[in-house]
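What follows is a set of notes on a single structure, which appears directly below.
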Amino acid sequence: MCNQRILNPYRAGESFMRLSNEGCLYHDLLFRQHEQVAQAVERNKLLIWHEWKRTGFKFPHEFESNGLNLSWYLEGHLQCEKQPCFGCYLGEWTLIWKHAIQCNLGSCYNTLFETFILPEFNAPMLLDAILRGEVILDRPNVIRGRTGARAYRSLLERIQECAYETIKLYVVQEFFPHWFEKADLTPLLGPHYSNPTK
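What follows is the structure, given as structure tokens:
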């Protein structure tokens, strides 16, 4: 399911199920439990697919060489037997981010970010879809971005430690109008960044 041949017959308006194996458990999970995430994915499905292509069609479960066993975070769901697909990619990352965001155990939270998310995740459009879903609900301490993405300040600070500049840039572009307007960005972006609002 990972080559250009699959994308060629793809037409605008069709569900991303066309890029997934029939009966993909993760695809079904996304629509049953994370409907808002699935809707956000639908609006940007080709961009997210190309993010996945750019990173070499890697799946989260392929990064376990870092020493982190992801089976617990994936809640027992298994990848498609013959070949993991786009639905597997979306479902795995959605479950991992959900656990990372909602986890109250510091050692688990830190391990997940430090050994897995920060060095490996490089898909800003997918992150946007997840943050626009129901993983984070509207509360007084929640910051809302310009596309409707939601995040805690502490989460944004954590994401800024990501190894990839594309993720850091996404945070600035998404949340700058609402959070960074009067803030000093130096602690997050480094001394090379010049705040245009100052």
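The sequence shown lines up with residues 48 to 245 when you count with the numbering used here.
We put the CB at the ideal spot given by N, CA and C, even for glycine.
- For I214, the uninterrupted alpha helix (DSSP H) segment begins and ends at E212 to F222.
- When DSSP states are grouped into helix, strand and coil, A176 belongs to the helix group.
- Annotation: V182 is outside any alpha helix (DSSP H) and is labelled neither H nor E by DSSP.
- The shortest CA-to-CA distance from Q149 to any of N169, P187, T194 and L178 is the one to L178.
- When the alpha-carbon of K145 is set against those of C71, N188, N68 and L174, the nearest one is in L174.
- Straight-line spacing of the CA atoms in R200 and N188 works out to 8 Å.
- Excluding the 5 residues flanking it on each side, T141 has same chain C-beta neighbours closer than 7 Å at L77, H81, V84 and I177, in chain order.
- Rounded to whole angstroms, the gap between the alpha carbons of L121 and E204 is 25 Å.
- Between the C-alpha atoms of Q220 and R79 there is a straight-line separation of about 30 Å.
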